[in-house]
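Note that the sequence shown covers residues 1 to 273 in the numbering used here. Please read the structure below before turning to the comments.
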Amino acid sequence: MTALRTVTVDGSPVHVTDSGAGAAVLMLHGSGPGTTGSGAWAPTAQALGASLRLVAPDQAGFGRTPLPAGSRGGLRLWTEQAGGLMDALGIEHYAVVGHSMGGAVALALAAARPRQVTRVVAVATMGAPGAPLSADLDALWAAPAGPVGARDMLSRLFLDQALVTEAAVDARATAMRAGADAFASLFPPPRARWVEDLTLSAQTLAAIRAPVLLVHGAQDRVTPLGMATPPLLEHLADVRLHVFGRCGHVPAVEHPHEFWQLLSCFLSQERGH
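What follows is the structure in structure tokens.
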């Protein structure tokens, strides 16, 4: 059963897709233009919904969730809004799965709410200390709304270019146009500062007590494996890393069945084991 709802968090509306039944998992999307909670996670929610309750919001500035008045987004807002959403839904304990920008938010939330967050899966994540702005992330954030920008962005996200279909380009172009005004305020140049905003300190990472699973594509050009994961492996207290070969920035799309199996196994384990 899937419920589409709007939840008020700190006086601002948050659009949420809430599906499945079981232990709760907060699903946080990445930062590409046109990205939404349902767009990023619908196939995963369908695959895992028999045993898990998956809550996938549009984060502020994306999809149907507006930026609060006077806000330009950023890690603090997205983290506080994510925690506030789960409070508003009455969910006391939950795992968090985040992709790219959403991975940084997931890790920040685990540090801020150690009693609520039980597990973290950070997929192709941002947030690592010292990780620079990659050329592909810079281009992704700058992609113009429309088919040309959509095709360029998708070609950077995936290793397998067969996934850059006309249907995928059309769907992303439509989503990009719908959210163009809000997105324009999120990551204007110079863009290295937005990577810095999403970077977690060594102290924050060391404070995370929940078990963390890092999932990464070996050929990720947006958040390259060699830059994104070593600092996290060094600073996280309870961490493991799974690397998908022949995979770009979106393992959930390029290796869906293996990805779902990996998530299901990790999220079903008892905390501390």
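In this text, a Cβ means the ideal position worked out from N, Cα and C, and glycines have one as well.
- Task: Please list, in chain order, all residues of the same chain as E254 whose beta carbon is under 8 Å from its beta carbon, the five residues on each side excluded.
- Result: Taken in chain order, the residues that qualify are F158, L159, D160, L163, G217, F244, R246, C247, G248.
- For S12 and V169, the rounded distance between their alpha carbons: 31 Å
- Task: State yes or no: is the C-beta of H93 within less than 8 Å of the C-beta of P57?
- Result: no
- Item | Member of A252, R5, H242, A202 whose CA lies at the smallest distance from the CA of L232 | Checked all of A252, R5, H242, A202; the closest Cα to L232 is A202.
- Task: For Q59, count neighbouring Cβ atoms within 10 angstroms of its own Cβ and tell me buried if that reaches 16, exposed if not.
- Result: Q59 comes out buried.
- Query: Helix or strand or just coil, what does DSSP make of F187?
  - Reply: The three-state secondary structure of F187, taken from DSSP, is coil.
- Message: I'd like to know if the region 112-125 and the region 137-151 are in contact, where contact means that at least 3 CB-CB pairs between them fall below 8 Å.
- Response: no
- Query: Which residues in the same chain as G179 place their Cβ atom closer than 7 Å to its Cβ, once the five residues preceding and following it in sequence are excluded?
  - Reply: In chain order, P33, G34, F62, G63 place their CB closer than 7 Å to the CB of G179, counting only its own chain and leaving out the 5 sequence neighbours on each side.
- Item | Length of the line joining the Cα atoms of A173 and E166 | Spanning the two alpha carbons is a distance of roughly 10 Å.
- Can you name, in chain order, every residue of its own chain whose Cβ lies under 6 Å from the Cβ of W194, other than the five neighbours on each side? The beta carbon of W194 lies closer than 6 Å to those of F187 in the same chain, with the five residues before and after it left out.
- Item | Environment of Q269 [buried if 16+ CB atoms lie within 10 Å] | Exposed is the call here.
- Integer-rounded CB distance, given that G83 should sit under 8 Å from L67: L67 to G83, Cβ: 17 Å. No contact.
- Query: Using the rule of at least 16 other Cβ atoms within 10 Å of the residue's Cβ for burial, across every protein chain shown, is L4 buried or exposed?
  - Reply: exposed
- Residues in its own chain within less than 6 Å of T2 by CB, not counting five upstream and five downstream? S19
- Compute the beta-carbon to beta-carbon distance between S100 and G149, rounded to the nearest angstrom, for a pair I have assumed lies under 8 Å. That belief does not hold up - the Cβ atoms of S100 and G149 are roughly 18 Å apart, past 8 Å.
- Task: Please list, in chain order, all residues of the same chain as H273 whose beta carbon is under 6 Å from its beta carbon, the five residues on each side excluded.
- Result: Note that H273 scores 39 on pLDDT, short of 50, meaning its location in the model is unreliable; the coordinates nonetheless yield the value given after this. Hits under 6 Å: none found.
- Item | Coarse secondary structure for H29, derived from DSSP in three states | coil
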